[in-house]
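**Student:** FYI, in the numbering used here the residues of the first sequence are 140 to 331. Handing you a structure now.
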Amino acid sequence: MTVARLGRSFFDRPTRIVARQLIGCELWTRDPGVERGVRIVETEAYVGRDEANHANRGMTRRNRSMFGAPGTLYVYRIHRVVCANVVTRPGQAVLIRAGEPLGGTRELWAGGPGRLCRALGITIADDGTDAAAGARIRFRPWRRRPRAIVSGPRIGISRAVERPLRFAEAGSRYVSSPRPWAGSAGKRPTSA
DNA sequence: GAAAAGATTACCT
DNA sequence: GGTAATCTTTTCC
Numbered sequence: 140m141t142v143a144r145l146g147r148s149f150f151d152r153p154t155r156i157v158a159r160q161l162i163g164c165e166l167w168t169r170d171p172g173v174e175r176g177v178r179i180v181e182t183e184a185y186v187g188r189d190e191a192n193h194a195n196r197g198m199t200r201r202n203r204s205m206f207g208a209p210g211t212l213y214v215y216r217i218h219r220v221v222c223a224n225v226v227t228r229p230g231q232a233v234l235i236r237a238g239e240p241l242g243g244t245r246e247l248w249a250g251g252p253g254r255l256c257r258a259l260g261i262t263i264a265d266d267g268t269d270a271a272a273g274a275r276i277r278f279r280p281w282r283r284r285p286r287a288i289v290s291g292p293r294i295g296i297s298r299a300v301e302r303p304l305r306f307a308e309a310g311s312r313y314v315s316s317p318r319p320w321a322g323s324a325g326k327r328p329t330s331a
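Set out below in structure tokens:
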């Protein structure tokens with residue numbers, strides 16, 4: 140019997156472990172008449188004592204969801220798009236950066252955190268919802284085992300830029316660029 | 001109260 | 001490869 144969804148205990152673990160193990164898993168949203176899903180191919184971990192973490196300076200109006208139970212969604216707005224994260228330990232979360240469309244998505248392309256949210260219909264209204272138990276959004280275990288998983292520096296940040304907390308499925312064409320396995324100098328790709 | 005800074009993306013040359 | 005768009009939150013005075 141397969142597990143229907145990833146529950147609380149999956150998320151209540153060290154953030155980088157969760158970020159790595161989410162590769163290949165699926166993220167589904169449900170709206171009246173539509174189910175939309177992607178197979179996750181790229182994530183980033185935002186951990187404790189991390190200058191790039193929105194919660195690094197404690198709780199604020201924006202990041203309060205990051206202190207919710209494991210499995211809580213933290214959705215925030217940046218420029219004109221939103222990005223979705225799932226909480227692990229208090230003040231820590233995994234950013235879902237890219238996915239491979241499975242069905243129902245409006246977009247044929249879910250590469251990049253903003254596009255992924257748009258493809259799944261995730262909005263700022265989903266901030267704080269419980270993806271470990273709630274009805275609208277859930278994570279499912281992988282059905283197709285991911286290939287090798289690679290790691291590299293996170294994207295688009297200006298602090299703690301060197302930490303290899305970005306994870307991706309090796310070779311996936313759905314991963315946003317730069318691709319960790321491309322191996323350009325200074326990117327320090329490593330197998331993870 | 002004002003100013004700066006984004007965990008991005010699309011479009012420019 | 002570079003930069004403008006765009007607007008909320010955060011931070012500083």
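We put the CB at the ideal spot given by N, CA and C, even for glycine.
#1: Please state the DSSP three-state secondary structure of G250.
#2: Can you tell me whether V289 is buried or exposed? The criterion is at least 16 other CB atoms within 10 Å of its CB, across all chains shown.
#3: Report all residues from its chain with a CB closer than 7 Å to the CB of R345; omit the five preceding and five following residues, and keep chain order.
#4: Among residues of its own chain, excluding the 5 on either side of G242, which ones have a beta-carbon nearer than 8 Å to its beta-carbon?
#5: What is the rounded straight-line gap between the Cα of P229 and the Cα of G187?
#6: Tell me which same chain residues have a C-beta within less than 6 Å of the C-beta of C256, skipping the five on either side of it?
#7: Can you tell me whether V157 is buried or exposed? The criterion is at least 16 other CB atoms within 10 Å of its CB, across all chains shown.
#8: Please state if the CB of R286 and the CB of G310 are separated by a distance shorter than 8 Å.
#9: Where does R144 sit, in a helix, a strand or coil, going by DSSP?
#10: Taking the alpha helix (DSSP H) that I156 falls in, what are its first and last residues?
#11: With respect to the beta strand (DSSP E) encompassing E183, which residues constitute its N-terminal and C-terminal limits?
#12: Helix or strand or just coil, what does DSSP make of C222?
**Tutor:** With the structure as the only source:
#1: Working through the first sequence from its first residue, we reach residue 250 at position 111. Here G250 sits in strand by DSSP.
#2: Your numbering for residue 289 matches position 150 in the first sequence. Per the 10 Å Cβ criterion, buried.
#3: Nothing about residue 345 can be read from this structure; the chain reaches only from 140 to 331.
#4: If you number the first sequence from 1, residue 242 lands on position 103. Excluding positions up to five away in sequence, the list reads E174, R175 and G176.
#5: Your numbering for residue 229 matches position 90 in the first sequence. Your numbering for residue 187 matches position 48 in the first sequence. Looking at the two C-alpha atoms, the distance is approximately 9 Å.
#6: In the first sequence, residue 256 corresponds to position 117, counting from 1. V221 and A223.
#7: For the purposes of this step, residue 157 is identified with residue 18 of the first sequence, where counting begins at 1. When all chains shown are included, V157 counts as buried.
#8: By 1-based counting over the first sequence, the position of residue 310 is 171. By 1-based counting over the first sequence, the position of residue 286 is 147. Against a cut-off of 8 Å, the Cβ pair of R286 and G310 comes out as a contact.
#9: In the first sequence, the residue the question calls residue 144 occupies position 5. Coil at R144, not helix or strand.
#10: For this step, residue 156 is matched to residue 17 along the first sequence. Element bounds for I156: T154 to Q160.
#11: As a working note, residue 183 is residue 44 in the first sequence. V173 to Y185 is the extent of the beta strand (DSSP E) around E183.
#12: Along the first sequence, read from residue 1 onward, the residue named residue 222 stands at position 83. Here C222 sits in strand by DSSP.
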